[in-house]
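As numbered in this note's numbering, residues 18 to 96 make up the sequence shown, in order. First up is the structure itself, then whatever we jot down about it.
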Amino acid sequence: MGGAKLVDVEVMVSWASSMTWKGLYPILSLSKTVYQKGISLTKKAMKQVESRLQRNPLLPKWDILIQPLLLVIYFSKIT
């Protein structure tokens, strides 16, 4: 982590927002939603999520590109 001490939410968000990939900065938003434990997606809902994932064949567990939902809907309508 480059020596950053991730001691609180503000430090974590600040550190994450300073990261770049190919010259692009991430767009971050902090969700304060508390989710119930033990809740899972239905198989149908999970298939919709998985359709947006592109896995790197060299690192399939760790390198995943998640396509934005609106982009997926747009391209599915034009193809």
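For glycine and all other residues, C-beta sits at the position ideal for the given N, C-alpha and C. Note that the structure is predicted; figures quoted are calculated from it, not measured.
C-beta contact flag for residue i and residue j at 8 Å
i      : j      : result
Leu-76 : Val-66 : no
Tyr-72 : Gln-84 : It is worth fixing the name first, because residue 72 is Arg in this sequence and not Tyr. No, these two residues do not count as a Cβ contact at 8 Å.
Val-30 : Leu-41 : no
Leu-47 : Val-24 : no
According to DSSP, residues forming a beta bridge with residue i
i      : result
Ile-81 : Arg-72
Trp-38 : Leu-41
Given residue i as reference, the closest of the options once Cα atoms are compared
i      : options                           : result
Ala-62 : Ile-81, Leu-86, Val-26 and Ser-46 : Leu-86
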